[in-house]
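Structure record follows, encoded as C-alpha cells.
Numbering (mature numbering (1 follows the signal peptide of the UniProt record, and there is no 0)), first residue to last: -19 to -1, 1 to 508.
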C-alpha cells in the first residue's frame, strides 16, 4: 500500500513538472524513476528529452557521460540535431559533432584499432584533437570535469595508444609553421609527460620549442633548466616561463633567482608595474617555501604602490601589495597598514575611473571596479583577522552572496572562518547563506586544507542538506555541491541523498543534460 501511494505521488509530480514529458515516455516510467532514481532510467529519460530538445550549450560533458555509459551513438544522434549555428565553426574543437568524433576515436583505440585505421574515420583531426583523445584515454577529463579525476592506472594498451598519438602530433608539427608547431609540440610533450617518457618530452621540445602554456608535468619531468634551454632567444626573459621554472626547479637558490627575475620583469614594465602579476609571483615564491625572498618582493611592491599612489586605480595596487605581504607571512599590523592605504584610495561610485577611446567614460560604480576593490579588501582584511572591516565592506554589496562566496579562494584559519560564517548566516537569506557555505565547503573539500577545515566543511554540508528546500535551491547547485563534498569527505549516505534530490529536480524540470550527468554520478561514482 505504501509503495502504491508513493508511486501515485510520483506520478502526480509529472502534472506539475516545469516541463512536459517526452512524448514517448510513459507516465509510469517517469513515476517509477521519480520514486527510485537509478542510473538506467535517468539516462533513458535524459536521452529521450535531448532527442526532442537538443541542447545549445558549448559544454559537452553530457556526450562524455553517454560515451562512458556505452551510448555514444545515441549521443551522436542528438549532436546531429543541434543547429549548425549552435555547433560552432565546423572545424572548431568545441562543436558537438567534433566531440563525437574525438570520443569515437578514443573508443576505437581502446578496442584495439591502430591509429592509422581510426583516423580514416576522422580525416579532419588535428593535433588538438589527438591531445584531447590522449587525455581521455589517460582518464584526465579533457572536456571539463565530469567527476573527480579517476585514479585508476590506465591500461597498458591505452598508454601505448597515447604514445602513438603523441608521435603522430609530432609528425604533423614538423610540417607546421614555427608558431603553430610550438603549440602542437606542447600537446605532444604533455602526453609524453603524463606517460613519464622524458625522452619523448625532450624530442617534442627540440622540434617546436617552448610555449607559455606548457603544463607543470612537462616542466617537472624535463627539469626547468632543460625546458628553458629550448625556449626561443626572445623568450628567455618571459616572466611566465621564469615563474614556471621557479615553481619546478629542484634547487631552492636557483628557484629563488628565477622568481626574482620574473618579478623584476613585471615590476619594471613600461609606464606602470603590473601589480596583479607581481602578486602571483610572490604567492608562488611563498608556496615554494621561499618566505624571505617573497617578503623582499612584497616590500618592493609596497614601495612601488607608494610611487604610483596618484594613479586612478591605485586602490588595487595597495590591495595587491597587502595581499602579497600577507601571502609572504608578513606582520599582520603591516598588512593592515597597506589595507588602510587601499581604503583611502577607494573612490565614490559616481567618480570617473578612466576614459578610453574604446569604452568611453567608465565610472567606479557601473564599471564594477568598486565591487572588485571592496571584495579584495574585505577578503584580505578577514584573512588577517579584521573581520569587522570585512563585514562593514560587504554590507554595502549589491550582490552580497557572490561577494561572500569570494572567500572560497582564501585559506582562512578555522576560528576566522567560523566567525565569518556566523555573519553571513545572520546577514543573508537562508538560500544565499547555503550557497555561500557550499561554495566554500566545496573548495575546502577539494583542496589540500587542514583537517579541522575539512571537518567544518562536512558539518556545514550536513547542516545545509538537512533542509529539503535548501538542497533544491540555486538551480541544483546546492545538491551538486553537497553530493561532491560528501563523497570527497567520506559520507556516502549523504552523497546518495543529495544525488536523489538532484535527480528528482532534473526530472521535475525535464532537464536532459542534468539527468544524464546525474545518471553518470549514480552509475559510475563520479561527482
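The beta-carbon is built from N, C-alpha and C at its ideal position, and this holds for glycine as well.
Quick test of your reading: residue i and residue j, contact by CB under 8 Å. State the CB separation rounded to the nearest angstrom.
i: residue 509; j: residue 263; result: This structure cannot speak to residue 509, because the chain is shown only from -19 to 508.
i: residue 185; j: residue 202; result: Actually they are not in contact, since the Cβ atoms of residue 185 and residue 202 sit about 11 Å apart, beyond 8 Å.
i: residue 176; j: residue 143; result: 6 Å
i: residue 63; j: residue 83; result: Their Cβ separation, rounded to whole angstroms, is 16 Å, which puts residue 63 and residue 83 out of contact at 8 Å.
i: residue 300; j: residue 269; result: So it is not a contact: roughly 23 Å between Cβ atoms.
i: residue 30; j: residue 491; result: 6 Å
i: residue 311; j: residue 261; result: Residue 311 to residue 261, Cβ: 17 Å. No contact.
i: residue 33; j: residue 7; result: So it is not a contact: roughly 15 Å between Cβ atoms.
i: residue 339; j: residue 345; result: Incorrect: roughly 18 Å between the Cβ atoms, too far for contact.
i: residue 254; j: residue 223; result: About 16 Å; that fails the 8 Å criterion.
i: residue 316; j: residue 365; result: 5 Å
i: residue 451; j: residue 411; result: 6 Å
i: residue 271; j: residue 218; result: In fact, because the Cβ distance is near 20 Å, the residues do not count as touching under 8 Å.
Compare the C-alpha of residue i against each of the options and name the closest.
i: residue 145; options: 105, 91, 158 and 197; result: 91
i: residue 15; options: 507, 503 and 487; result: 487
i: residue 41; options: 77, 22 and 30; result: 77
i: residue 449; options: 150, 478 and 22; result: 478
i: residue 306; options: 390, 231, 419 and 256; result: 256
i: residue 507; options: 289, 469 and 492; result: 469
i: residue 443; options: 429, 473 and 456; result: 473
i: residue 501; options: 3, 20 and 8; result: 20
i: residue 388; options: 216, 292 and 424; result: 424
i: residue 430; options: 390, 80, 455 and 324; result: 390
i: residue 278; options: 458, 245 and 33; result: 245
i: residue 304; options: 289, 363 and 252; result: 363
i: residue 247; options: 272, 298 and 273; result: 298
i: residue 505; options: 35, 46 and 11; result: 46
i: residue 104; options: 229, 353 and 79; result: 79
i: residue 382; options: 365, 402, 370 and 366; result: 402
i: residue 290; options: 326, 371 and 317; result: 326
i: residue 293; options: 258, 259 and 332; result: 332
i: residue 241; options: 259, 216 and 373; result: 259
i: residue 140; options: 9, 35 and 172; result: 172
i: residue 35; options: 13, 58 and 51; result: 58
So, using beta-carbon positions, are residue i and residue j closer together than 8 Å?
i: residue 453; j: residue 426; result: no
i: residue 150; j: residue 169; result: yes
i: residue 503; j: residue 480; result: yes
i: residue 409; j: residue 446; result: no
i: residue 118; j: residue 135; result: yes
i: residue 384; j: residue 341; result: no
i: residue 55; j: residue 86; result: no
i: residue 422; j: residue 460; result: no
i: residue 189; j: residue 208; result: no
i: residue 538; j: residue 61; result: The question about residue 538 has no answer here: the residues shown for the chain are numbered -19 through 508.
i: residue 400; j: residue 368; result: yes
i: residue 18; j: residue 484; result: yes
i: residue 147; j: residue 181; result: yes
i: residue 509; j: residue 214; result: Here the chain has residues from -19 to 508 only, and residue 509 is not among them.
i: residue 81; j: residue 101; result: no
i: residue 457; j: residue 495; result: yes
i: residue 193; j: residue 211; result: no
i: residue 88; j: residue 48; result: yes
i: residue 302; j: residue 282; result: yes
i: residue 265; j: residue 227; result: yes
i: residue 319; j: residue 358; result: no
Query raised in the report: Is the stretch 358 to 378 touching the stretch 413 to 422, taking contact as three or more C-beta pairs under 8 Å?
Result: no
Report task. State whether the stretch 143 to 161 contacts the stretch 194 to 202, with contact taken as three or more CB pairs (one from each stretch) at a distance under 8 Å. Result -> Cβ pair count under 8 Å is below three, so no.
Query - Sequence ranges, beta strand (DSSP E) only - wholly within the stretch 212 to 251, length at least 3 - result: none
Query raised in the report: Is it a yes or a no for the stretch 395 to 408 touching the stretch 427 to 437, going by three-plus beta-carbon pairs under 8 Å?
Result: Taking 8 Å as the limit for Cβ pairs, the verdict is that the stretch 427 to 437 does touch the stretch 395 to 408.
Query raised in the report: With a cut-off of 8 Å, do at least 3 Cβ pairs link the stretch 18 to 27 to the stretch 98 to 111?
Result: no
Query raised in the report: What runs of the alpha helix (DSSP H), each 4 residues or longer, lie entirely inside the stretch 106 to 156?
Result: 108 to 118 and 137 to 154
Requested in this report: Could you pull out every unbroken alpha helix (DSSP H) segment of at least 4 residues lying fully inside the stretch 477 to 503, listed in chain order?
Outcome: none
Query raised in the report: Can you list the beta strand (DSSP E) stretches of 3 or more residues lying completely in the stretch 340 to 388, in chain order?
Result: 341 to 344
Query raised in the report: For the stretch 403 to 446, which segments carrying the alpha helix (DSSP H) assignment without a break, of at least 4 residues, lie completely within its bounds, in sequence order?
Result: 411 to 426 and 432 to 446
**Report entry** In chain order, each alpha helix (DSSP H) run of at least 4 residues that lies wholly inside the stretch 255 to 336
**Finding:** The stretch 255 to 336 contains these whole alpha helix (DSSP H) runs: 256 to 268, 272 to 288, 295 to 308 and 313 to 325.
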